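Sequences listed follow chains A and B, in order.
Count the first sequence with our numbering and you get residues 1 to 279, in order.
Count the second sequence with our numbering and you get residues 1001 to 1319, in order.
Heads up, the thing below is written out as structure tokens.
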Amino acid sequence: MAVIDQSAGARWRWSVLDLVVIVFALIPVLWIASLSFKTPATITDGNFIPREWTLENYRNIFNTDQFVRALINSIGIGLISTLVAVVLGTMAAYAIARLDFPGKGLLIGISLLIAMFPQVSLVSPLFEIERSIGLFDTWPGLILPYITFGLPLAIYTLSAFFRQIPWDLEKAAKMDGATQGQAFRRVIAPLAAPGVVTTAILVFIFCWNDFLFAISLTSTERSRTVPAALSFFQGASQFEDPTGAISAAAVIITIPIILFVLFFQRRIVSGLTSGAVKG
Amino acid sequence: MTTQIGQTAEKPTTHRVRAEKKAKVHLSEGKKAERKLGWMLCAPAAIVMLAVTAYPIIYSVWLSFQRFDLKFPDQREFIGLGNYVTVLSNQYWWTAFGITALITVVTVAVELVLGMALAWIMFRTLIARGLVRTAALIPYGIVTVVAAFSWKYAWTPGTGYLAKLFTDGAPLTERASSLAIIMLAEIWKTTPFMALLLMAGLALVPEDLLKAASMDGASGWQRFTKVMLPVMKPAILVALLFRTLDAFRVFDNIYVLTAGSNNTSSVSMLAYNNLIRGLNLGIGSTMSVLIFIAVAIIAFVFVKLFGTAAPGSSDEGRR
């Protein structure tokens, strides 16, 4: 296997393996998409491909306040958490990658501990603390834990990226007469940007994904995000099955993930792997 | 990838040389400024992380020593280890603990094997490498609750294609089949993550070493066990550690698939139920503390296995 085998047989074997992976990865996604396009009459027919197609489920969820509010909450909370976590994470990662100071190991240790922290252990105390200081069921009430758990991810990924930047270029630029600010903007920022973008995507995916905090620290539409709202979905009337509505909402919140994966596959893979190898 | 390896290998020495050079200057102005800048840059992140985890977990310990039921707030009182006795002598707790341990062991073991295969495919495939990696990232990125609903409907009698193909009954109403489906959902969702971490390890295996082994007549299996596995060991341990701790927190899939019915609750599910449904802060906090301790023990055992290569053991060589 060390010898690259380009023969037709090898290509054929790889095609089969690739196909298995792709089918394995996509089937559950295609299934929920298929459900979302089924009409109420055919939704319980158990067919993988819809017999009758409709957009009714999508029209219905966008007509309910419940879903639209939840979508706004998800986007708002996700973006704010990501922004803060990436800014704070960039500062810390820069210090870790570039500066020499005591306590560095401790910070790395803390972030590692938090990355492994059982989130459910925070649910009870945060529930009580947030209730008493009025953060329960508010955006900041979710943003705070998201920042906290996004930070270790940001610090790891970014410090791995920052270590690969040829920082000598900065010195070279300054020697050529650039100011500190210019050297940063023209030389370092463009090199660091891909790492920051990748990190932002990973942190956003984490926030977008969270269910435990979302369902424990919210109680109304005011701050409930889509994953939490899904489990409260009802049909248009109480006799109606919510399957179609849930499926449609599920597809909507999967779209950003698919877009990230399609456009940033290479970056996401390198972000996750480089962070992992270097601890 | 190869350039990265070179850097990791060089890093400790360059770092040490630099540190020695600095030690000679003995805390010059520049050095002091560097320290200060380092602390200032790290402070916000450190403060947020500690404020949102350390303080609540200590508060949680304090709550766990109290009888504190939000339905009967007047009866709040300090009862020492009373809650711990209640929880630890409760059969639901131990059932949930067993379920959690079972799910953790089975899913991580299966994921290690599947993840290794997937990592190999993503790393080596001759065709459509980008496509395979993109497809594999979808389970990683997808919202767990969305995937859980997909599996739930797939196994719902009447609605689901899998229920139609494989069974006449309702698999999510029986304990064994529910657990199997929960594990299936977990494995589907997290194998790609495992595979990515393992792929990082695969990238570290020197091509020349494999070639040499191959020329010396080593079989494919021997090359795997004798050459690749030893090089990949750190990556494998990191992947196992992350996935084990992650699997131990299993919640989303169970919430959607069974809501813990038919004794399929994990410890996270049970703690959630006691807190949010039962509004019993004392018992909920006690479970929080116990789960925290369990996770700490798992992490400790892994760190012992890692030895000095443990990430976060603050050895500079690792960074």
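Ideal Cβ placement from N, Cα and C applies to all residues, glycine included.
Model, not experiment: these values are computed from the prediction.
Asked, Found
"Residue burial classification, S274(A) (beta-carbon count within 10 angstroms, cutoff 16)", "buried"
"Where the alpha helix (DSSP H) containing T1053(B) begins and where it ends", "E1029 to S1064"
"Selection from V20(A), S34(A) and G195(A) that minimises the alpha carbon distance to G89(A)", "G195(A)"
"Any 3 or more C-beta pairs closer than 8 Å across the segment 1057-1072 of chain B and the segment 123-131 of chain A", "yes"
"Residues that R11(A) contacts on chain B, provided the C-beta gap is smaller than 8 Å", "L1126 and I1127"
"Three-way DSSP call (helix, strand, coil) for R224(A) in this model", "coil"
"Per DSSP, cross-strand counterpart(s) of K38(A)", "W53(A)"
"R1133(B) beta carbon less than 7 Å from that of Q182(A)", "no"
"Pairwise C-alpha distance: I1058(B) and A193(A)", "38 Å"
"Stretch-stretch touch, CB-based, cutoff 8 Å, three pairs: the segment 1086-1097 of chain B with the segment 1110-1121 of chain B", "no"
"Buried or exposed (CB count within 10 angstroms, at least 16 for buried), G1160(B)", "buried"
"Beta-carbon separation (whole angstroms), A92(A) vs A1045(B), contact threshold 8 Å", "4 Å"
"Any chain B beta carbon closer than 7 Å to F184(A)", "no"
"Exposure of N209(A), with buried meaning 16 or more beta-carbon neighbours within 10 Å", "buried"
"Test: L121(A) CB closer than 7 Å to a CB of chain B", "The residue you asked about is not Leu; residue 121(A) is Ser in the sequence shown. So, interface residue."
"CA-to-CA distance, S132(A) to F162(A), given in whole angstroms", "40 Å"
"Minimum Cβ-Cβ distance from N60(A) to chain B less than 7 Å", "no"
"CA nearest to the CA of K171(A), picked from I188(A), S111(A) and Q164(A)", "I188(A)"
"Test: E128(A) CB closer than 7 Å to a CB of chain B", "yes"
"Residue of Y1140(B), L1245(B), C1042(B) and F1193(B) minimising C-alpha distance to A97(A)", "C1042(B)"
"Coil, strand or helix - R1067(B) by DSSP", "strand"
"Nearest-angstrom Cα separation, counted from A1147(B) out to G78(A)", "19 Å"
"Neighbour flag for Y1059(B) against chain A, beta carbons, 7 Å", "yes"
"Selection from T1107(B), M1040(B) and F1193(B) that minimises the alpha carbon distance to L99(A)", "M1040(B)"
"Segment contact, 8 Å Cβ cut-off, at least three pairs: the segment 138-152 of chain A with the segment 1075-1089 of chain B", "no"
"Partner residues on chain A for S1089(B), Cβ-Cβ distance less than 7 Å", "Going along chain A, no residue has its Cβ under 7 Å from S1089(B), so there is no contact; the nearest lies around 20 Å."
"Exposure of A198(A), with buried meaning 16 or more beta-carbon neighbours within 10 Å", "The amino acid occupying residue 198(A) in the given sequence is Thr; Ala does not appear at that position. Answer is buried; the Cβ neighbour count reaches 16."
"Chain-ordered chain B contacts of Q265(A) [CB-CB under 8 Å]", "G1130, R1133, T1134 and L1137"
"Residues, ordered as in the chain, of the segment 158-170 of chain A that lie near chain B by beta-carbon distance below 9 Å", "S159, A160, R163 and Q164"
"Nearest-angstrom Cα separation, counted from G1278(B) out to T42(A)", "39 Å"
"Limits of the alpha helix (DSSP H) - the one that Q66(A) falls within", "D65 to R98"
"Proximity below 7 Å, CB of F232(A) to CB of P242(A)", "no"
"Reduced DSSP secondary structure (H/G/I, E/B, other) of E1077(B)", "strand"
"Spatial neighbours of T1258(B) in its chain, beta-carbon cut-off 8 Å, leaving aside the 5 residues before and after", "L1172, S1178, I1182 and T1264"
"S1268(B) to I1142(B) span [Cα, whole Å]", "21 Å"
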